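Below is one structure, written out as structure tokens, with a few remarks after it.
In this note's numbering, the protein residues as written are 8 to 113.
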């Protein structure tokens, strides 16, 4: 399952727990999170702690206030960033089990 989430307050542990439970219950393999207040240095810590072994792609280099994260389970899917800007990340998703590929565009 692929999900997008515009989350407010992602610096709070309760939001991390909510995300972990949602991913587990819904068998999510790729999620895009729109968050504007998590500092760069906390991104990888949050992902490592809550989605161990998952990969992270961000658009941080374009705007420190307009962050988008794409996080995926590399055992199930691959994500290849093609282009990013302040308001988007474009990429190619491949579902490993079925070899289905598609573009992830806003």
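No residue lacks a Cβ here, since even glycine has one placed at the ideal position from N, Cα and C. Since the structure is predicted, the reported quantities are computational estimates derived from the model, not experimental observations.
- DSSP lists 85, 108 as the beta-bridge partner residues of residue 101.
- Within 10 angstroms of the beta-carbon of residue 13 lie fewer than 16 other beta-carbons, which makes it exposed.
- With a threshold of 16 other beta carbon atoms within 10 Å, residue 90 falls short and is exposed.
- Within the same chain, Cβ atoms closer than 8 Å to the Cβ of residue 53 are found at 17, 23, 45, the five residues on either side in sequence being excluded.
- In this structure, the CA atom of residue 63 is about 22 Å from the CA atom of residue 105.
- At a Cβ-Cβ threshold of 8 Å, residue 38 and residue 10 count as neighbours.
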